[in-house]
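Just below is one structure, and these are the notes that go with it.
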Amino acid sequence: MKDSILAALIVILFWAALPFLCTGVVGGPPQGESAAPAADARPTDPQATDTPDEAWDSNAPASNPAAPAPEAADGFDARFRLPVLRGSEIESMDLHTYLTGVLLAEMPSSFEDEAKKAQAVASRTYCLRSYLHRRHDGAAVCVNSGCCQGWRDPSAAAPEDRARAEAAVTATDGLVIRYQGALIDATFFSCSGGQTESAAAVWGSDLPYLQAVESPGEEGATHFSDETRIPLDDFRAALAEQDGAVSFPEALGGWVGAVTYTPGGGVDRMELGGRPFSGTWLRKRFGLRSTVFTLELTAEEAVFTTKGYGHRVGMSQYGADAMARAGNRFTEILKWYYQGVTVEAY
Ligand SMILES: [Zn+2]
14 MKDSILAALI VILFWAALPF LCTGVVGGPP QGESAAPAAD ARPTDPQATD TPDEAWDSNA
74 PASNPAAPAP EAADGFDARF RLPVLRGSEI ESMDLHTYLT GVLLAEMPSS FEDEAKKAQA
134 VASRTYCLRS YLHRRHDGAA VCVNSGCCQG WRDPSAAAPE DRARAEAAVT ATDGLVIRYQ
194 GALIDATFFS CSGGQTESAA AVWGSDLPYL QAVESPGEEG ATHFSDETRI PLDDFRAALA
254 EQDGAVSFPE ALGGWVGAVT YTPGGGVDRM ELGGRPFSGT WLRKRFGLRS TVFTLELTAE
314 EAVFTTKGYG HRVGMSQYGA DAMARAGNRF TEILKWYYQG VTVEAY
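Those letters in the sequence shown? Residues 14 to 359, by the working numbering.
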């Protein structure tokens, strides 16, 4: 009991000390599960720049003044038309409605308001970046959470949930995240397991704002820790199929060799049957929640114990909620998970 109180205190102290730890962070007073949190908000092209294709851009800058407006009805989001792919149809949706639906689909309604605002800004940044680069032919984004961002029709949501999601969108109207002037690839995920991952470790391309950072306070997350059990024969066959040179000695103790780790604590490479396998491949092949895992072999099974859920690059949603509970504002949350960025009007 005493240990858990101490752990909670450490988490609160860690997040409460953030304004003193990071530069450029705005200080502020503390503010105040129907949807599943995102497992993996997908990466977009890391090389993409901020230059719009003019023929594509129907939202001319003149009709979208940069200054954020406090009221949803006449703000930037209400005026910006976003072509959204729903099924096989492209629907022209105002950004306010789109982002409200994204919040309802991507973040549990029980989360703190400041976490919701951080999510709204990240999701706005994501879709505007997609808008500039035609993620989908003829549409900026689709409503599939495995591809772009999930979306739930706000008119079908419980009025209270809708009101809270809408309030977070309105409070951050028109705000986006930039790094050296360009919209960032605002990736996010459900739960880091205690530390996020660098983009380089997962996607191979280093992005200065997507680095591994600590993310305490996620212990209450649905998938903070999980177990995945694979029948030993299947495990062995999958490895042999991937690399014909694997060789497994009779004693199980000789199956697992050296393990190297990423900056964010994930498995970078694990030697199995005398051959190296990447953590990202193992995660994908065996359906692991994340690349932060330990492996135990029994006579019948390969047992993976994972921490966290998702690719772990960018903003942790459960971490954002923990930061909000410790009194951080959405700008502080964003500047923690996306290092060296600015939060400003589009
Ligand atoms: Zn998509």
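Where a beta carbon is used, it is the ideal one built from N, C-alpha and C, also for glycine.
- Taken through DSSP and simplified to helix, strand or coil, S168 comes out as helix.
- In the three-state reduction of the DSSP assignment, E119 falls in the helix class.
- Assignment of beta-bridge partners to M106 by DSSP yields L95.
- Under the criterion of beta carbons closer than 8 Å, T209 and S105 do not qualify as touching, at roughly 35 Å.
- If you draw a straight line from the Cα of A251 to the Cα of P262, it comes to about 16 Å.
- In this chain, the alpha helix (DSSP H) harbouring T344 covers 343-350.
- A straight-line Cα-Cα distance of about 20 Å links W164 and Y322.
- Taking 4 residues as the minimum length, the alpha helix (DSSP H) runs contained wholly in the segment 195-221 are 212-216, in order along the chain.
- Of the other Cβ atoms in all chains shown, 16 or more fall within 10 Å of the Cβ of G327; this residue is therefore buried.
- In the structure shown, C161 adopts coil according to DSSP, grouped into three states.
- Beta-bridge partners assigned by DSSP to T273: R282.
- From the listed residues G100, A91, A131, D90, the smallest Cα separation to W349 is found for A131.
- Note that the segment 164-177 touches the segment 111-122; at least 3 beta-carbon pairs, one per stretch, sit closer than 8 Å.
- If you ignore the 5 residues before and after T307, its C-beta comes within less than 8 Å of the C-beta of F317, T318, all in its own chain and listed in chain order.
- Check the Cα spacing between P221 and each of A264, A212, S228: the tightest is with A212.
- Around the beta carbon of Q224, 16 or more other beta carbons sit within 10 angstroms, so the residue counts as buried.
- By a beta-carbon distance limit of 8 Å, T113 does not contact A169. Their separation comes to about 12 Å.
- With fewer than three CB-CB distances shorter than 8 Å, the segment 276-296 does not count as touching the segment 188-204.
- Closest option to T355, judged by alpha-carbon separation, among G100, A91, I190, C160: I190.
- For L98, the CB contacts under 6 Å within the same chain, skipping 5 residues up- and downstream, are H149, A152, C155 in chain order.
- Note on A339: 16 or more other CB atoms within 10 angstroms of its CB, so buried under the neighbour-count rule.
- With distances taken between CA atoms, Y274 lies nearest to T304 out of S101, G353, T304.
- Following the DSSP letters along the chain, one finds E127 in no beta strand (DSSP E) but inside the alpha helix (DSSP H) bounded by residues 126-146.
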